[in-house]
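Engineer: Have a look at the structure that comes next, please.
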Amino acid sequence: MDRVFWVAVFLLCLWVVIESERYTRQEALTPQTVGLILVVLTGLLLVRDGLQLVRGLRGAGRSQAGESDREPRQPRVLPWFLSIAIWALYVTAILWVGFYLATLVFLLVFPFLMGFPRHRWRLVLAYAVLTVAVFLGALYYGFEMLLPAGPWGL
Amino acid sequence: MWLEGLVIVLDPSNLLALGIGTLLGIIIGALPGLGPVFALTLFLPVTFPMSAEMALIFLISLYSGTIYGGSISAILLNAPGTPGSVATCLDGYPLARSGRGGEALVAAAVGSMFGGLLGTVAVVLIAPLVATVALKIDPASYSLLAFLGLSMVAVASHGDTLRGLILGGVGVLLSFVGQDPITGGYRFTMGFAYLEDGVPFPIVAIGLFAVAQCLVFAEEGGKIAQSLDASGGLAAGVRAVLTRWRNVIRSSLIGIGLGAIPGVGISTSNFVAYAAEMRASRDKSGFGKGNIAGVIAPETANNATLPGELIPTLTLGIPGGAGQALLLVAAIVHGVEPGLRFFEQGSIAYAFFIALFLAQVTFAVFGLIGNQWFIRVTLVPVPLLAPAVLAFALVGAFTLRGRWEDLVAVLFWGIAGFVMIRFKYPVAPLVLGLVLGELAERSYRQAALIAEATQTSPYLQPLPLVLSVLVAGMVIWSVIEFFKSPETSEGQRTPSG
Numbered sequence: 064m065d066r067v068f069w070v071a072v073f074l075l076c077l078w079v080v081i082e083s084e085r086y087t088r089q090e091a092l093t094p095q096t097v098g099l100i101l102v103v104l105t106g107l108l109l110v111r112d113g114l115q116l117v118r119g120l121r122g123a124g125r126s127q128a129g130e131s132d133r134e135p136r137q138p139r140v141l142p143w144f145l146s147i148a149i150w151a152l153y154v155t156a157i158l159w160v161g162f163y164l165a166t167l168v169f170l171l172v173f174p175f176l177m178g179f180p181r182h183r184w185r186l187v188l189a190y191a192v193l194t195v196a197v198f199l200g201a202l203y204y205g206f207e208m209l210l211p212a213g214p215w216g217l
Numbered sequence: 015m016w017l018e019g020l021v022i023v024l025d026p027s028n029l030l031a032l033g034i035g036t037l038l039g040i041i042i043g044a045l046p047g048l049g050p051v052f053a054l055t056l057f058l059p060v061t062f063p064m065s066a067e068m069a070l071i072f073l074i075s076l077y078s079g080t081i082y083g084g085s086i087s088a089i090l091l092n093a094p095g096t097p098g099s100v101a102t103c104l105d106g107y108p109l110a111r112s113g114r115g116g117e118a119l120v121a122a123a124v125g126s127m128f129g130g131l132l133g134t135v136a137v138v139l140i141a142p143l144v145a146t147v148a149l150k151i152d153p154a155s156y157s158l159l160a161f162l163g164l165s166m167v168a169v170a171s172h173g174d175t176l177r178g179l180i181l182g183g184v185g186v187l188l189s190f191v192g193q194d195p196i197t198g199g200y201r202f203t204m205g206f207a208y209l210e211d212g213v214p215f216p217i218v219a220i221g222l223f224a225v226a227q228c229l230v231f232a233e234e235g236g237k238i239a240q241s242l243d244a245s246g247g248l249a250a251g252v253r254a255v256l257t258r259w260r261n262v263i264r265s266s267l268i269g270i271g272l273g274a275i276p277g278v279g280i281s282t283s284n285f286v287a288y289a290a291e292m293r294a295s296r297d298k299s300g301f302g303k304g305n306i307a308g309v310i311a312p313e314t315a316n317n318a319t320l321p322g323e324l325i326p327t328l329t330l331g332i333p334g335g336a337g338q339a340l341l342l343v344a345a346i347v348h349g350v351e352p353g354l355r356f357f358e359q360g361s362i363a364y365a366f367f368i369a370l371f372l373a374q375v376t377f378a379v380f381g382l383i384g385n386q387w388f389i390r391v392t393l394v395p396v397p398l399l400a401p402a403v404l405a406f407a408l409v410g411a412f413t414l415r416g417r418w419e420d421l422v423a424v425l426f427w428g429i430a431g432f433v434m435i436r437f438k439y440p441v442a443p444l445v446l447g448l449v450l451g452e453l454a455e456r457s458y459r460q461a462a463l464i465a466e467a468t469q470t471s472p473y474l475q476p477l478p479l480v481l482s483v484l485v486a487g488m489v490i491w492s493v494i495e496f497f498k499s500p501e502t503s504e505g506q507r508t509p510s511g
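First to last, the sequence lines map onto chains U and R. Our numbering numbers the first residue of the first sequence as 64 and each following residue consecutively. Our numbering numbers the first residue of the second sequence as 15 and each following residue consecutively.
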């Protein structure tokens, strides 16, 4: 994954250098210079990484790459891709049904997806009441001037 | 005049405005993404029915409180409340995780207070002089100041120099997106109208810190800290600031100096103060892992920057940023004319600075009293914290410019920040590059145009020469640090995956 990240950075810098050709000399001067320096630096990093990989393969029979950096896997409450998917859904809902309603549903649902203990019913009730109160308060004070409201004015 | 100003501020209704303004400022500042611009925009219309004195006292207290409030979420949630608290996250959050959040909060409150007080005294004593000097700073010196800030990327990389330099460079590349500062042509927009305004720094900061941290919260569950320092760290926090008085004075001077230069401001000063403290510290390895000095430096600097920014705003009528512009609007609306004769407008000018002075003490008192409650946030289960922080981050992102694309952008930067946290890439250099890239390019190209027109190098003037020596010194020091860093001395850092 580390290598994928740096290859992506390398390609991005290379793209900046190539894209700069489309602009006037004055406009392209600084981006192209910085882009070229970064291409060299990222290239050096990748070459160094490659050499290390070869050395590792020759030495221990198998690459040590990644072993030292990788932390022991811990049990994950909610995998990152699932969080991103839910959050993307939340942002989409904001744009479709408005900020308040989307946020209310999100605040009431997401904690339980993260494993919030449902048996602590007093805490759950207090949280739900507080969330709904904040929601109604925000609606009452008309913050729709600041936030996008949906088709139902929510 | 000072006595008359004091009488105005000590009027019960004005004192109440000062207290309410400071408290509201702390609350708004502590919410990730909602900074001083949001607070001033929200409350500026509220001040219209007030008297000029009360309005200015309320707004300057609100402004000061917001800047301090930014440290609370930066320390407890790794989500900077304001752009001036980004560097505070680097050591503040590790301290909160280790149960020393109380100490960090107290140190931030006391450091902010000293920074603000020293800044206010400096404004009162040397405002006209500093304003005149600040205006004489030419594009060459501006570009060197930006390069000086950029040369601190190595310091902000915490031993991962090569990766830090590359990510700092990527930040600079991102700053090129949008309108060319000289020709006005659009660059690297890939056909998206959204990118024509450039990559907005506050959106990137909210994504890289607040949203990325929420992703970490969602994955790990539990609580931020497993236990708390029972004393709340009051004595330890105060002692930490008092024993680091050199740090406080240095950071205050950095804050005042950078604040006085229009266009540099709070986003830069906190990083520069952090890097300067790290440079001066004997124990550099502790930075980024929970060094209290890494909290004091940026927090002192950002509160000293506000009075520094007031120097060109009030004495010359040149606002350094959006917040200052709103303050200027408020002053003009209430019949106070900014300019070199600002102090000749009667007791209101003196009342304004006394209120600024008292606001620093007020937020510190609120901070010290509230510390015991703020710190409990770290014991709240993260399934409750993560969605709330995310919702506030999105509110903050949207209210900045009212553009729905920012909601998507903040999510994108959140994912990028999450990847960087997971693979331990330094985030600070990227942010520093983005903040300073635009200033560096614009001023460098202006200097180049001047050189072309006058056939003389603007870099051969006394101030640019001094700054050039400083930049060269920082670069040489960074190279030495690079060869001394673990990644080069112990062979190579092994990549993962």
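No residue lacks a Cβ here, since even glycine has one placed at the ideal position from N, Cα and C.
Taking Cβ positions only, does R:Y473 come closer than 9 Å to chain U?
Structural biologist: Numbered from 1 along the second sequence, position 459 holds the residue referred to as residue 473 of chain R. Cβ-Cβ to chain U under 9 Å: no for R:Y473.
Engineer: If we ignore side chains and look at the alpha-carbon of each, how far apart do R:A122 and R:G130 end up?
Structural biologist: For the purposes of this step, residue 122 of chain R is taken as residue 108 along the second sequence, with counting starting at 1. For the purposes of this step, residue 130 of chain R is taken as residue 116 along the second sequence, with counting starting at 1. Whole-angstrom Cα-Cα distance: 12 Å.
Engineer: DSSP beta-bridge partners for R:Q193?
Structural biologist: Translated into positions along the second sequence, residue 193 of chain R becomes position 179. Paired residues: R:Y200.
Engineer: Taking any Cβ of chain U, which residues in the stretch 172–204 of chain R have a Cβ under 7 Å from it, in chain order?
Structural biologist: L176, L179, I180, G183, V184, V186, L187, F190, D194, I196, T197, G199, R201, F202
Engineer: Checking the sheet assignment: what are the DSSP bridge partners for U:G200?
Structural biologist: Locating residue 200 of chain U in the first sequence gives position 137, where the first residue counts as 1. None, per the DSSP bridge assignment.
Engineer: Using three-state DSSP, classify U:G161 as helix, strand or coil.
Structural biologist: The residue labelled residue 161 of chain U in the question sits at position 98 within the first sequence. Here U:G161 sits in strand by DSSP.
Engineer: According to the neighbour-count rule (16 or more other Cβ atoms, all chains shown, within 10 Å of its Cβ), is U:V172 buried or exposed?
Structural biologist: In the first sequence, residue 172 of chain U corresponds to position 109, counting from 1. The residue in question, U:V172, is exposed, as its Cβ has fewer than 16 Cβ neighbours within 10 Å.
Engineer: Quick one: does R:P509 have its CB under 9 Å from some CB of chain U?
Structural biologist: The count along the second sequence starts at 1 and reaches residue 509 of chain R at position 495. The predicted model places R:P509 with a pLDDT of 37, which falls under 50 and marks its position as unreliable, so this point remains unresolved.
Engineer: Please list, in chain order, the chain U residues whose beta carbon lies closer than 8 Å to that of R:I429.
Structural biologist: Residue mapping note: residue 429 of chain R aligns to position 415 of the second sequence, counting from 1. Within chain U, the residues near R:I429 are I147.
Engineer: Check this for me: beta carbons of R:G221 and R:F426, under 9 Å apart or not?
Structural biologist: Along the second sequence, read from residue 1 onward, the residue named residue 221 of chain R stands at position 207. Along the second sequence, read from residue 1 onward, the residue named residue 426 of chain R stands at position 412. Against a cut-off of 9 Å, the Cβ pair of R:F426 and R:G221 comes out as a contact.
Engineer: Please name the residue in U:R88, U:L101, U:A91, U:Q89 whose C-alpha comes closest to that of U:A71.
Structural biologist: If you number the first sequence from 1, residue 71 of chain U lands on position 8. Of the listed residues, the one whose Cα sits closest to U:A71 is U:L101.
Engineer: Going by C-alpha distance, which of U:F68, U:L176, U:V160, U:Y163 is nearest U:G106?
Structural biologist: The residue given as residue 106 of chain U occupies position 43 in the first sequence. Ranking U:F68, U:L176, U:V160, U:Y163 by Cα distance to U:G106 puts U:F68 first.
Engineer: How many Å lie between R:T80 and R:N317 at the Cα?
Structural biologist: Locating residue 80 of chain R in the second sequence gives position 66, counting from the first residue. Locating residue 317 of chain R in the second sequence gives position 303, counting from the first residue. Distance between the alpha carbons of R:T80 and R:N317: 10 Å.
Engineer: Which residues, in chain order, does the stretch 353–378 of chain R contribute to contact with chain U at a C-beta distance below 9 Å?
Structural biologist: Residues of the stretch 353–378 of chain R whose Cβ lies closer than 9 Å to any Cβ of chain U: none.
Engineer: With DSSP run on the structure shown, which of helix, strand or coil describes R:N284?
Structural biologist: In the second sequence, counting from the first residue as 1, residue 284 of chain R sits at position 270. Helix at R:N284.
Engineer: Decide if R:Q374 is buried, meaning its Cβ has at least 16 other Cβ atoms within 10 Å, or exposed.
Structural biologist: The sequence position of residue 374 of chain R within the second sequence is 360, counting from 1. So R:Q374 counts as buried.
Engineer: Using a Cβ-Cβ distance under 9 Å, would U:E82 count as near chain R?
Structural biologist: As a working note, residue 82 of chain U is residue 19 in the first sequence. Closer than 9 Å to some Cβ of chain R, the Cβ of U:E82 qualifies, so yes.
Engineer: Would you check if the distance between the CB atom of R:G247 and the CB atom of R:G106 is smaller than 9 Å?
Structural biologist: Within the second sequence, the letter at position 233 stands for residue 247 of chain R. Within the second sequence, the letter at position 92 stands for residue 106 of chain R. The Cβ atoms of R:G247 and R:G106 lie no closer than 9 Å to each other.
Engineer: For R:F412, collect the residues of the same chain with a Cβ closer than 8 Å to its Cβ; drop the 5 residues on either side in sequence, then sort them by chain order.
Structural biologist: Start at 1 with the first residue of the second sequence, and residue 412 of chain R comes out as number 398. Result list for R:F412: W418, D420, L421, in chain order.
Engineer: By Cβ distance, which residues of its chain are closer than 6 Å to R:P50, with the 5 residues on each side in sequence left out?
Structural biologist: Here residue 50 of chain R is taken as the residue at index 36 of the second sequence, counted from 1. Only Y77, T80, G337 meet the Cβ criterion.
Engineer: Are the Cβ atoms of R:G113 and R:A239 separated by less than 9 Å?
Structural biologist: Numbered from its first residue, the second sequence carries residue 113 of chain R at position 99. Numbered from its first residue, the second sequence carries residue 239 of chain R at position 225. For R:G113 and R:A239, yes; Cβs fall inside 9 Å.
Engineer: Pick from R:R415, R:G192, R:L181: whose alpha carbon is nearest that of U:L75?
Structural biologist: Your numbering for residue 75 of chain U matches position 12 in the first sequence. Looking at the Cα atoms, R:L181 is the closest of the given residues.
Engineer: Comparing the C-beta of R:F432 with each C-beta of chain U, is any distance below 9 Å?
Structural biologist: The residue given as residue 432 of chain R occupies position 418 in the second sequence. Yes, R:F432 lies at the interface with chain U (some Cβ there is under 9 Å from its Cβ).
Engineer: Between the stretch 148–165 of chain U and chain R, which residues of the former have a C-beta closer than 7 Å to a C-beta of the latter?
Structural biologist: Legend: CB atoms of the stretch 148–165 of chain U lying less than 7 Å from CB atoms of chain R belong to residues W150, A151, V154, I157, L158.
Engineer: What did DSSP end up calling R:M292 once you bin it into helix, strand or coil?
Structural biologist: Here the question's residue 292 of chain R lines up with position 278 in the second sequence. R:M292 falls in the helix class under three-state DSSP.
Engineer: So, does the CB of U:D132 fall closer than 9 Å to a CB anywhere in chain R?
Structural biologist: Counted from its first residue, the first sequence places residue 132 of chain U at position 69. Since pLDDT at U:D132 reaches only 49, below the 50 mark, its modelled position is unreliable, and the value read off the structure follows with that caveat. Cβ-Cβ to chain R under 9 Å: yes for U:D132.
Engineer: Quick test of your reading: R:P352 and R:A344, contact by CB under 8 Å. State the CB separation rounded to the nearest angstrom.
Structural biologist: Locating residue 352 of chain R in the second sequence gives position 338, counting from the first residue. Locating residue 344 of chain R in the second sequence gives position 330, counting from the first residue. No, R:P352 and R:A344 are not in contact; Cβ-Cβ is about 11 Å, not under 8 Å.
Engineer: What does the alpha-carbon distance come out to for the pair R:L404 and R:L393?
Structural biologist: One-based indexing of the second sequence puts residue 404 of chain R at position 390. One-based indexing of the second sequence puts residue 393 of chain R at position 379. If you take the alpha carbons of R:L404 and R:L393, they lie about 18 Å apart.
Engineer: If the cut is a Cβ gap below 8 Å, which residues of chain U does R:A339 touch?
Structural biologist: Walking along the second sequence from the start, residue 339 of chain R turns up at place 325. Neighbours of R:A339 in chain U, taken as residues whose beta carbon is under 8 Å from its own, are absent, since the nearest beta carbon is some 19 Å off.
Engineer: If the cut is a Cβ gap below 9 Å, which residues of chain R does U:L99 touch?
Structural biologist: As a first step, residue 99 of chain U must be located in the first sequence, where it is residue number 36. Those within 9 Å of U:L99 in chain R number zero; the least Cβ separation is about 10 Å.
Engineer: Does the Cβ-Cβ distance between R:L48 and R:T61 come in under 9 Å?
Structural biologist: Residue 48 of chain R sits at position 34 when you count from the first residue of the second sequence. Residue 61 of chain R sits at position 47 when you count from the first residue of the second sequence. Result no, Cβ atoms of R:L48 and R:T61 do not sit closer than 9 Å.
Engineer: Specify the secondary structure class of R:S157 as computed by DSSP and reduced to three states.
Structural biologist: The residue given as residue 157 of chain R occupies position 143 in the second sequence. Helix, per DSSP.
Engineer: If we ignore side chains and look at the alpha-carbon of each, how far apart do U:L99 and R:A88 end up?
Structural biologist: Numbered from its first residue, the first sequence carries residue 99 of chain U at position 36. Numbered from its first residue, the second sequence carries residue 88 of chain R at position 74. Cα to Cα, U:L99 sits roughly 35 Å from R:A88.
Engineer: Once DSSP output is grouped into helix, strand and coil, what is the label at R:A378?
Structural biologist: As a first step, residue 378 of chain R must be located in the second sequence, where it is residue number 364. Here R:A378 sits in helix by DSSP.
Engineer: Look at the Cβ atom of R:G428, then the Cβ atom of R:P108, and state whether they are nearer than 9 Å.
Structural biologist: The count along the second sequence starts at 1 and reaches residue 428 of chain R at position 414. The count along the second sequence starts at 1 and reaches residue 108 of chain R at position 94. It is not a contact, given that the beta carbons lie outside the stated cut-off.
Engineer: Measuring CB atoms only, is the stretch 29–43 of chain R touching the stretch 323–342 of chain R, in the sense that at least three cross pairs come out at less than 8 Å?
Structural biologist: no
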